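> Using numbering that gives the first Met the number 0, the first residue of the sequence shown is number 0, and each one after it goes up by one. Even glycine gets a Cβ: it sits at the ideal position worked out from N, Cα and C. Quick caveat, the model's predicted, so the values are computed rather than measured. Below is the structure I would like to discuss, written out as structure tokens.
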Amino acid sequence: MRHDTIAVIDFGGQYAHLIATKVRRLQVYAEIRQPEDPIEAYLGVKGIIISGSPSFSAFGEDSGYTKAVYDLPIPILGFCFGHQEIAKHYGGTIVHGGKEWGHTDLHICVDSPIFKGLGKVEQVWMSHFDTVTSVGPDFEEIGYSQLGPDGEVHHFAAIASEKLRRYGFQFHPEVDDTVNGEAMIRNFVLDVCGCKPTWTMGNYLEDEVRRIRERVGEDSVFLLVSGGVDSTVAAKLLGMAIGPERLHLLHVDNGLMRKAESLRVLETYVEIGLGRNLHFVDASEDFLAALKDAVEPEEKRLAIGNAFISVFEREARRLGIENHLLGQGTIYPDTIETGGTKRADTIKTHHNRVPLVEEMIAKGKVVEPLAELYKVEVRELGEKLGLPRKLVWKHPFPGPGLAVRLLCSRGIPDTTEFERIVPEVKAAAARFGLEAEVLPIRSVGVKADLRAYEHPVMLSGDAPWEQLLQAAGTIFREVHGVNRCLWNLAGGRPARFKPLAATMTRERLDLLREADAVVMEGLRRHGVYDAIWQCPTVFVPLEIDGRGREFVVVRPIHSERAMTAAPARLPEALVAELKASILPLSGISGLALDITSKPPGTIEWE
């Protein structure tokens with residue numbers, strides 16, 4: 000069956016495939032197109048969406064794309080960079096400035112079919128540096144942005160030419176934080192473009208089974224399974240496509256798992272009928288040896304990825320299946336955050352995208368049945384495959400495991416920007432009645448689709464939840480060099496922070512496992528496990544006011560696709576339990592709640 004199609008031009012932003020996902024959830028087929036694709040690639044599509052870009056400027060390399068798309072007699076909608084390109088192409092002007100990050104209010108000032116059914120003010124999500132300051136003669140402003148009633152007004156946040164059927168949004172309607180973003184996309188796809196909703200996950204499943212069979216042929220697949228949602232769904236899908244007799248599963252205890260996790264994983268795979276060729280190896284010593292001197296986040300990820308391949312090859316030889324294809328439960332965020340497309344900035348290298356894996360992919364030795372899906376789609380596919388809800392809706396857990404939650408350090412304070420940052424941060428926090436300290440460490444974040452390795456800020460003081468979030472948002476907007484805000488749960492006002500030299504050791508990992516178990520059990524006991532998408536527990540080797548060696552950060556978030564996230568509020572009784580259970584653990588120097596959205600902070604600290 001031929002489906003109506005929307006083409007998404009991928010300029011390398013994190014959100015390009017998320018746009019396609021949102022279109023597909025309308026049961027309309029979406030295909031990714033590269034900016035250099037010839038105009039013939041767009042024949043037969045019903046509409047085009049132009050994605051954002053990780054470039055800081057609308058005047059850089061991305062200007063060299065197939066602009067003949069603007070001559071096509073079909074509707075075009077641009078987001079962020081795409082919005083700026085549409086404005087510029089039709090006679091508007093762009094300036095470098097007027098940056099906005101996070102939530103803001105869109106004030107709709109003109110009726111347009113693309114805003115059908117929406118209110119006059121809508122919460123939207125911004126992540127940009129460049130700004131449209133004027134539009135061409137065929138266009139008009141249909142919306143402006145303003146952060147609160149007294150905030151600065153940013154004009155041309157939404158523009159349109161009903162005559163040309165061209166539309167532009169400075170914000171990102173594809174992310175969940177734009178509350179009615181899906182309605183805006185629906186209006187464009189179904190009403191403006193006139194697409195019929197005929198594409199379903201059932202069709203995708205049938206197509207993917209066919210593609211796997213064509214890809215694998217008569218070969219067999221050797222799949223590394225962590226027990227997480229992605230690898231479990233990949234295993235079930237591969238088993239359906241090629242049969243369980245040609246699928247070998249290997250679970251590796253890398254020493255970086257949660258408390259008693261490996262035993263639960265093995266039991267689970269037997270329960271769901273995938274125990275026929277299920278193999279297990281305790282390779283914790285291999286991984287700890289590989290990580291012995293690793294400190295930097297990228298260094299750790301590469302070491303883990305290489306260790307996985309080394310263990311895979313060794314076990315394949317031992318089992319006599321070294322000629323099998325390597326299966327991975329890779330999903331799209333793993334690829335895009337590693338810079339896996341032409342214009343994507345490397346935010347962090349995922350263990351399943353290290354150079355050794357890339358070499359195997361180039362040689363045709365890797366099968367990744369979920370590589371174009373986001374987490375919410377993987378869960379939907381898992382349900383379609385008949386997997387139990389407890390597996391499909393399990394909290395995501397990173398492939399590198401606790402290694403990205405156990406931070407390492409050479410013990411050298413990073414205070415290069417303190418003279419500028421500290422007074423700005425303190426002044427911003429004081430407006431909300433809070434004390435603030437800039438920590439002499441850095442963590443990974445993402446701003447305007449680019450990797451940001453910047454300082455966290457710890458806020459101290461009693462304040463309502465919404466006030467804490469407002470304080471954090473203000474700091475992110477006003478202070479360059481900060482990408483994460485924490486709320487101090489240990490009481491008092493900490494004043495002295497000393498980074499400590501620390502590496503990946505079994506003792507530190509065991510202590511982190513205990514703290515992580517306290518958090519996970521608490522979420523279940525208080526009935527909020529299902530409401531929270533993920534909740535990393537992070538150890539930072541930081542002495543506070545001369546006490547302890549491990550600063551504990553708990554990061555509960557709401558998300559669906561991992562591309563954006565919002566901090567989740569925990570019940571007060573649970574927060575009290577965490578303080579009572581974690582702070583007395585041996586060597587703990589403090590406890591804080593991470594209240595950072597994504598962007599500007601990634602979900603994991605590394």
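1. Going straight from the alpha carbon of LEU42 to that of GLY363, what length do you get?
2. Going residue by residue through the stretch 67-99, where are the continuous beta strand (DSSP E) segments of at least 3 residues, counting only ones entirely within it?
3. Just the Cα atoms here: how many angstroms apart are ARG524 and PRO555?
4. Quick check: the Cα distance between MET503 and LEU573, rounded to an integer number of angstroms?
5. Determine the extent of the alpha helix (DSSP H) in which PRO422 is found, giving its start and end residues.
6. Under 8 Å, do VAL366 and LEU318 count as touching if we go by C-beta distance?
7. Whose C-alpha, out of VAL294, ILE320, GLY328 and SER283, is nearest the C-alpha of ALA306?
8. Do you know offhand how far ALA259's Cα is from PHE279's?
9. According to DSSP, is ILE47 helix, strand or coil?
10. So, helix, strand or coil for GLU520, using DSSP?
11. Which residue wins for smallest C-alpha separation from MET200, given the options LEU265, GLY526, GLY304 and GLY381?
12. Pairing CB atoms from the stretch 89-98 with CB atoms from the stretch 179-194, are three or more of them under 8 Å?
13. Quick check: the Cα distance between GLY106 and VAL120, rounded to an integer number of angstroms?
14. At a cut-off of 7 Å, is GLU297 close to the ligand GTP when judged by its beta-carbon and the heavy atoms of the ligand?
15. Quick one: using the 10 Å Cβ neighbour count with 16 as the cut-off for buried, is TRP464 buried or exposed?
16. For the putative contact between LEU237 and GLY326, defined by C-beta atoms under 8 Å, what is the C-beta separation to the nearest angstrom?
17. For the stretch 133-140 and the stretch 156-165, state whether three or more C-beta atom pairs, one from each stretch, are separated by less than 8 Å.
18. Nearest CA to the CA of ALA564: which residue from SER596, SER52 and ARG32?
19. Beta-carbon within less than 6 Å of SER558's beta-carbon, same chain only, minus the 5 sequence neighbours each way: which residues are those?
20. With DSSP as the reference, label ARG164 as helix, strand or coil.
21. Run through DSSP, which three-state label would GLU605 get?
22. So GLY328 and ASP229 are in contact, right, with Cβ under 8 Å, and what is the actual spacing, rounded?
23. So what's LYS578 in DSSP terms, helix, strand or just coil?
24. Applying the 10 Å Cβ sphere with the 16-neighbour rule, what's the burial state of ALA402?
25. LEU223: buried (16+ other C-beta within 10 angstroms of its C-beta) or exposed?
26. Taking only the alpha-carbon atoms, compute the straight-line gap between TYR166 and GLU477 and give it to the nearest angstrom.
27. Are PHE78 and SER50 close, meaning C-beta to C-beta below 8 Å?
28. Locate the beta strand (DSSP E) running through LYS446, then write down its first and last residues.
29. Under the rule that 16 or more other beta-carbon atoms within 10 Å means buried, what is GLY400, buried or exposed?
30. Determine the extent of the alpha helix (DSSP H) in which ASP206 is found, giving its start and end residues.
31. Just to confirm the assignment, what range does the beta strand (DSSP E) spanning GLN145 have?
32. Starting from THR473, trace the alpha helix (DSSP H) both ways and give me its first and last residue.
33. Beta carbon of MET457, beta carbon of GLU436: below 8 Å?
34. Among HIS479, PRO498, PHE538 and VAL22, whose alpha-carbon lies nearest the alpha-carbon of THR197?
35. Extract the residue ranges of the alpha helix (DSSP H) inside the stretch 491-544, only unbroken runs of 4 or more that lie entirely within it.
36. With a CB to CB cut of under 6 Å and the five nearest residues on each side skipped, what residues in its chain are close to GLU542?
Reading it off the structure:
1. Position 43 of the sequence shown, counting from 1, holds the residue named residue 42. Position 364 of the sequence shown, counting from 1, holds the residue named residue 363. Taking the straight line joining both Cα atoms gives about 30 Å.
2. Runs of the beta strand (DSSP E) inside the stretch 67-99: 75-78.
3. One-based indexing of the sequence shown puts residue 524 at position 525. One-based indexing of the sequence shown puts residue 555 at position 556. Straight-line Cα distance between these residues: approximately 15 Å.
4. Along the sequence shown, one-based indexing puts residue 503 at 504. Along the sequence shown, one-based indexing puts residue 573 at 574. Each residue's alpha carbon lies about 29 Å from the other.
5. On the sequence shown, residue 422 is found 423 positions in, with the first residue counted as 1. Per DSSP, PRO422 belongs to the alpha helix (DSSP H) from 417-429.
6. Taking the first residue of the sequence shown as 1, we reach residue 366 at position 367. Taking the first residue of the sequence shown as 1, we reach residue 318 at position 319. At a Cβ-Cβ threshold of 8 Å, VAL366 and LEU318 do not count as neighbours.
7. The residue given as residue 306 occupies position 307 in the sequence shown. Comparing alpha-carbon positions, the option among VAL294, ILE320, GLY328 and SER283 lying closest to ALA306 turns out to be SER283.
8. Reading the sequence shown from its first residue, position 260 is the one you call residue 259. Reading the sequence shown from its first residue, position 280 is the one you call residue 279. Near 14 Å, if we compare the C-alpha coordinates of PHE279 and ALA259.
9. For the purposes of this step, residue 47 is taken as the residue at position 48 of the sequence shown. Here ILE47 sits in strand by DSSP.
10. One-based indexing of the sequence shown puts residue 520 at position 521. Here GLU520 carries a helix assignment [DSSP, helix/strand/coil].
11. Taking the sequence shown and counting its residues from 1, one reaches residue 200 at position 201. Taking only the C-alpha atoms, the option nearest MET200 is GLY381.
12. The stretch 89-98 is not in contact with the stretch 179-194.
13. The residue given as residue 106 occupies position 107 in the sequence shown. The residue given as residue 120 occupies position 121 in the sequence shown. Residue identity differs from the one stated: residue 106 is His in this sequence, not Gly. Those two C-alpha atoms are separated by around 5 Å.
14. In terms of ligand content, the structure shown is empty, and the ligand GTP therefore cannot be addressed.
15. To locate residue 464, count along the sequence shown from 1; it is residue 465. So TRP464 ends up on the exposed side.
16. Numbered from 1 along the sequence shown, position 238 holds the residue referred to as residue 237. Numbered from 1 along the sequence shown, position 327 holds the residue referred to as residue 326. At roughly 6 Å, the Cβ-Cβ gap stays under 8 Å, so LEU237 and GLY326 are in contact.
17. Touching, yes, given that three or more Cβ pairs across the two stretches are closer than 8 Å.
18. What you label residue 564 is simply residue 565 of the sequence shown in a count that begins at 1. Out of SER596, SER52 and ARG32, SER596 has the C-alpha closest to the C-alpha of ALA564.
19. What you label residue 558 is simply residue 559 of the sequence shown in a count that begins at 1. Closer than 6 Å at the Cβ level, and outside the excluded window around SER558, lie TRP532 and ALA564.
20. Taking the first residue of the sequence shown as position 1, residue 164 is located at position 165. Coil at ARG164, not helix or strand.
21. Within the sequence shown, residue 605 is the residue found at index 606, counting from 1. Annotated three-state conformation of GLU605 is coil, per DSSP.
22. Within the sequence shown, numbered from 1, the residue matching residue 328 stands at position 329. Within the sequence shown, numbered from 1, the residue matching residue 229 stands at position 230. Right, their Cβ atoms sit about 4 Å apart.
23. Walking along the sequence shown from the start, residue 578 turns up at place 579. Helix at LYS578.
24. Walking along the sequence shown from the start, residue 402 turns up at place 403. Buried, because 16 or more other Cβ atoms sit within 10 Å of the Cβ of ALA402.
25. Along the sequence shown, read from residue 1 onward, the residue named residue 223 stands at position 224. In summary, LEU223 is buried, with 16 or more beta-carbon neighbours lying within 10 Å of its beta-carbon over all protein chains present.
26. Along the sequence shown, one-based indexing puts residue 166 at 167. Along the sequence shown, one-based indexing puts residue 477 at 478. Rounded to whole angstroms, the gap between the alpha carbons of TYR166 and GLU477 is 30 Å.
27. Position 79 of the sequence shown, counting from 1, holds the residue named residue 78. Position 51 of the sequence shown, counting from 1, holds the residue named residue 50. Yes, Cβ-Cβ distance for PHE78 and SER50 is below 8 Å.
28. Residue numbering aside, residue 446 sits at position 447 when the sequence shown is read from its first letter. Boundaries of the beta strand (DSSP E) harbouring LYS446: 442-446, taken from the DSSP string.
29. As a working note, residue 400 is residue 401 in the sequence shown. With 16 or more other Cβ atoms within 10 Å, it is buried.
30. Looking up residue 206 in the sequence shown gives position 207. Segment 200-215, the alpha helix (DSSP H) holding ASP206.
31. The count along the sequence shown starts at 1 and reaches residue 145 at position 146. 139-145 is the extent of the beta strand (DSSP E) around GLN145.
32. The sequence position of residue 473 within the sequence shown is 474, counting from 1. Annotation: the continuous alpha helix (DSSP H) that includes THR473 extends over 464-477.
33. By one-based count along the sequence shown, residue 457 stands at place 458. By one-based count along the sequence shown, residue 436 stands at place 437. Yes, the pair counts as a contact, with Cβ atoms nearer than the cut-off.
34. Working through the sequence shown from its first residue, we reach residue 197 at position 198. Ranking the options by Cα distance to THR197, first place goes to VAL22.
35. If we require 4 residues or more, the alpha helix (DSSP H) runs fully inside the stretch 491-544 come out as 505-524.
36. One-based indexing of the sequence shown puts residue 542 at position 543. LYS497, LEU499 and SER588, listed in sequence order.
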